[in-house]
Amino acid sequence: MSAPAAQPAHESRPVRHPLFARFYERLSESADVRAGVRAHREELLSGLEGEVVEIGAGNGLNFARYPSRVTHVTAVEPEPRLRATASRAAESNALRVPVSVVDGTAEALPVADASCDAVVCSLVLCSLPDVQEALAEVRRVLRPGGQLRFYEHGRAEGRRRMARLQRALDATVWPLLFGGCHSGRDPVGEIGAAGFTDVTFRRLLVPESGPTFPSSFHVLGRARRP
1 MSAPAAQPAH ESRPVRHPLF ARFYERLSES ADVRAGVRAH REELLSGLEG
51 EVVEIGAGNG LNFARYPSRV THVTAVEPEP RLRATASRAA ESNALRVPVS
101 VVDGTAEALP VADASCDAVV CSLVLCSLPD VQEALAEVRR VLRPGGQLRF
151 YEHGRAEGRR RMARLQRALD ATVWPLLFGG CHSGRDPVGE IGAAGFTDVT
201 FRRLLVPESG PTFPSSFHVL GRARRP
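Given below as C-alpha cells:
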C-alpha cells in the first residue's frame with residue numbers, strides 16, 4: 001500500500017545531525033535491551049489498527065512491534081542517516097505490516113488531512129523547534145477520534161534539583177550535543193495545550209534502576225483528537 005497523498009501545511013526544514021545520528025543508533029539499540037525500552041515500545045503500539053503515521057521514526061526500532069491490525073505505517077524521518085537505517089528496517093521480511101519511510105518533519109507532515117487512525121510520537125517532541133506547531137500537524141492528519149500515542153522523556157516532576165539541572169542544560173549544551181534535544185520539556189502539558197482530549201499516561205524512570213540522567217524521566221500514554 002502506498003503512503004497517503006502528501007499535503008503538508010508548511011515547508012519542510014532540512015535536518016542533519018550526522019554525529020548524533022551515529023550515537024543515537026547505538027544508544028537506542030542498547031537501551032532497548034538494557035534499559036527496558038523494548039517493552040515500553042510494545043506497550044506504546046499495543047492495540048493500534050488501521051492507517052498509522054509515526055513521527056521521528058529514527059532507526060526504525062518500532063517497526064517490528066506494530067500489531068497485525070495496522071494496515072500501513074507512514075514513517076516520517078528528516079535526518080538522512082537515520083532515514084536510511086529506517087528504510088533498511090522497513091524492508092525486513094519479518095515485519096507484520098507494510099512500512100513506508102519518507103522524508104519530512106513534524107511541522108510539515110507529508111500526509112493528507114484526516115487520513116490516519118493514529119499518530120505515534122516516540123522520543124521526538126524533545127527535539128522539535130516548535131512543539132505546538134507539530135501537534136497542530138498531528139491534529140490535521142488524524143481523523144476525528146483518532147489516537148495520539150506518545151512515549152517521551154521530559155521534566156523531572158517532583159525533583160527540584162534535577163529540574164534545575166535540566167533547565168540549565170537546555171539553555172546551554174544539551175541541545176548542541178544531542179541533536180536539538182531538550183531534557184526538561186513537558187510533553188503531557190504540550191499535548192493538553194494543543195487541544196487533545198482523554199489524555200492518559202504513566203510516568204517511567206529509564207533505566208528503572210541504576211544511575212539517573214536528565215533524560216531518564218519518561219511518560220507513556222495516549223490521547224485523542226476531538
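As numbered in the UniProt record's numbering, residues 1 to 226 make up the sequence shown, in order.
Beta carbons are placed, not taken as given, at the ideal position from N, Cα and C, and that holds for glycine.
Quick caveat, the model's predicted, so the values are computed rather than measured.
For T74 and E54, the gap between their C-alpha atoms comes out near 6 Å.
The stretch 80-91 makes no contact with the stretch 109-117: fewer than 3 CB pairs, one atom from each, lie closer than 8 Å.
Straight-line spacing of the CA atoms in Y24 and D198 works out to 32 Å.
At a cut-off of 4 residues, the continuous stretches assigned as alpha helix (DSSP H) that sit fully inside the UniProt domain "Methyltransferase type 11" (53-149) are 80-90 and 131-141. Sequence-distant partners of V138 (beyond 5 residues in either direction) whose C-beta falls short of 7 Å from its own C-beta, in its chain, are V119 and L148.
DSSP places H218 in no alpha helix (DSSP H) but in the uninterrupted beta strand (DSSP E) bounded by F217 to R224. Look at the beta carbons and you see the stretch 88-103 not touching the stretch 120-129: under three pairs across the two are nearer than 8 Å. The alpha-carbon of R81 is positioned some 20 Å away from that of E107. Between A193 and the set G58, A136 and R38, the nearest pair of CA atoms involves A136.
The closest CA to that of V111, considering only Q132, R140 and F217, is found on R140. Rounded to whole angstroms, the Cβ separation of P78 and G104 is 6 Å, and the two are in contact under 8 Å. Contact between G145 and R224 holds: CB atoms are separated by about 6 Å, below the 8 Å threshold. Comparing alpha-carbon positions, the option among P214, L27 and R202 lying closest to P175 turns out to be P214.
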